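Heads up: the sequence shown begins at 243 in the numbering used here, then just goes up one per residue.
Idealized CB from N, CA, C, for every residue including glycine.
Just so it is clear, the structure is predicted and the values come from calculations on it, not from any experiment.
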Amino acid sequence: MRFNFLFFALGLILFSYGISIAIQVQYLGIHPWDVLNVALFDKFGLTIGMWNLAIGVLLVLVSLIVDRKYIRIGTIINAISIGPLIDLFLFIDVFPRSFSTVMDIAVLLLGIVLMGIGGGMYSAAGFGAGPRDGFMLSLSDKLGYSISRTRIAVESLVLIIGLLLGGPVFIFTLIYTFIQSPIFQFSFVRVTEFLKRTTKTNYSDEKVGSV
């Protein structure tokens with residue numbers, strides 16, 4: 243179990259750092275949920291991390307009402323830790339420096355890769371889906387729609403709201419998922435296989451996705 247928690251904690255840290263890196267070059271476009279967080283920060287203040295936390299907690303509460311089977315202890319830890327970690331990394335400001343658009347693209351790709359790896363790690367640990375994924379999975383079951391269709395609908399709505407609030411939307415916002423998802427899947431599969439070998443844990447076939 244300690245290996246599971248180690249991967250869970252490290253996954254959260256890498257995922258948060260990846261988001262923080264991407265925010266540094268947000269003019270290239272960032273993930274729809276981060277577009278919303280940045281837009282709310284620019285519009286109403288607080289911090290980007292606090293908006294991440296607020297939305298995460300709200301989605302957990304909604305999921306508990308809609309269908310609580312995807313909400314586990316890891317979901318709650320995820321909801322309350324990612325935001326503060328993002329703020330911590332933004333405060334420390336230890337990021338790759340860039341002086342050109344080409345380097346900015348490389349920095350953004352690094353952020354996306356870290357998010358994919360981190361998301362796969364904490365999901366494979368078996369402590370539960372993230373708050374956004376738990377919400378979309380609960381909604382998928384409730385409405386009877388496929389996970390992919392529900393994800394597209396929810397993230398499109400989030401993106402529209404973020405855009406209307408003035409969030410940073412550009413080309414990478416549209417291709418984020420196509421880059422991050424394969425990396426997430428690779429990380430999830432490899433970590434799951436490792437944990438099965440080292441902890442002999444029986445993993446359920448519950449649907450788990452990335453944040």
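{"query": "Cβ-based burial, Pro410 [other Cβ within 10 Å; buried from 16]", "result": "buried"}
{"query": "Val433 vs Phe249 beta-carbon contact at 8 Å", "result": "yes"}
{"query": "Alpha-carbon to alpha-carbon, Gly298 and Gln268", "result": "21 Å"}
{"query": "Alpha-carbon spacing of Ala264 relative to Gly353, whole angstroms", "result": "5 Å"}
{"query": "Contacting residues, own chain, Cβ-Cβ under 6 Å from Ala367 (five flanking each side not counted)", "result": "Asn246, Phe249 and Phe250"}
{"query": "Distance CB(Ser258)-CB(Ile328) smaller than 8 Å", "result": "yes"}
{"query": "CB-CB length for Thr403 against Leu256, believed under 8 Å", "result": "Residue identity differs from the one stated: residue 403 is Ile in this sequence, not Thr. That pair is no contact at about 27 Å."}
{"query": "Under the three-state DSSP convention, the category Ala371 falls into", "result": "coil"}
{"query": "Reduced DSSP secondary structure (H/G/I, E/B, other) of Ile272", "result": "coil"}
{"query": "Same chain, Cβ closer than 6 Å to Ser446, five either side skipped, listed in chain order", "result": "The pLDDT assigned to Ser446 is 44, lower than 50, so where the model puts this residue is not dependable, and the model offers no usable value."}
{"query": "Close-in-space but distant-in-sequence residues of the same chain around Leu407 (CB under 8 Å, 5 per side omitted)", "result": "Leu278, Ala281, Leu282, Asp284 and Lys285"}
{"query": "Minimum length 4: unbroken alpha helix (DSSP H) runs contained in the region 343-413", "result": "343-366, 373-385 and 389-406"}
{"query": "For Arg314, the three-state DSSP class (helix, strand or coil)", "result": "coil"}
{"query": "Candidates Asn294, Leu295 and Ala348, of which the one nearest Leu270 by Cα", "result": "Ala348"}
{"query": "Asp309 - DSSP class collapsed to helix/strand/coil", "result": "coil"}
{"query": "Backbone CA spacing between Phe414 and Val308 [nearest angstrom]", "result": "32 Å"}
{"query": "Inter-stretch contact (C-beta, 8 Å, three-pair minimum) for the region 373-382 and the region 288-303", "result": "yes"}
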